[in-house]
Every structure is written in C-alpha cells, then in structure tokens.
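Down below is the structure, laid out as structure tokens.
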Amino acid sequence: MYEAYQYIKSKGSIQKKDLQTFLGISQTQAGLLLKRLLDKNMIFVLGKGKLTKYIAQ
57 MYEAYQYIKS
67 KGSIQKKDLQ
77 TFLGISQTQA
87 GLLLKRLLDK
97 NMIFVLGKGK
107 LTKYIAQ
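Those letters in the sequence shown? Residues 57 to 113, per the working numbering, in order.
Structure below.
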C-alpha cells in the first residue's frame, strides 16, 4: 500500500489503470488498493467513471 501511495504522490494524480500498470496487478486488485487508501484518507477522488483521478493528500 505504501508503494502505491508514493506512486500517486510522485505523479500528482493517476487513474486506476496507471496503478495497475505500475504494480502489475488486476483491475480488481487496483480498485481494492485504492479503496483502502481512500478509507485511510491518504488519497481523494476527483471525477467519476472512466475519467476518475486519484490524488494524494
């Protein structure tokens, strides 16, 4: 989870597919990881659907 957070922080904002590619994980795994980061208030969401961006706090 820390590696994902550092990646988001370094990029400024990402989409789920960016995290999938970076970590080599499935769409489901990326979604669960992003949800955990959201639940811990480490990131926030901007937008909806295909254009959703995740930004580090």
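Idealized CB from N, CA, C, for every residue including glycine. Given the structure is predicted, the values throughout are model-derived calculations rather than measurements.
Open item on the list: Considering only their Cβ atoms, is the gap separating Ala-60 from Leu-89 smaller than 8 Å?
Closed with: Judged by their CB atoms, Leu-89 and Ala-60 are nearer to each other than the 8 Å cut-off.
TODO: State the DSSP-derived secondary structure class of Ser-66, mapped to helix, strand or coil.
DONE: Under the three-state reduction of DSSP output, Ser-66 falls in the helix class.
- [ ] Give the DSSP-derived three-state secondary structure of Lys-104 in the structure shown.
- [x] The answer is coil: DSSP assigns Lys-104 none of H, G, I, E or B.
Open item on the list: Can you tell me whether Lys-73 is helix, strand or coil according to DSSP?
Closed with: If DSSP states are grouped into helix, strand and coil, Lys-73 belongs with the helices.
Task: Cβ separation of Ser-69 and Leu-102, assumed to be a contact under 8 Å, to the nearest whole Å - done: Between the beta-carbon of Ser-69 and that of Leu-102 there is about 7 Å, and that keeps the pair under the 8 Å contact cut.
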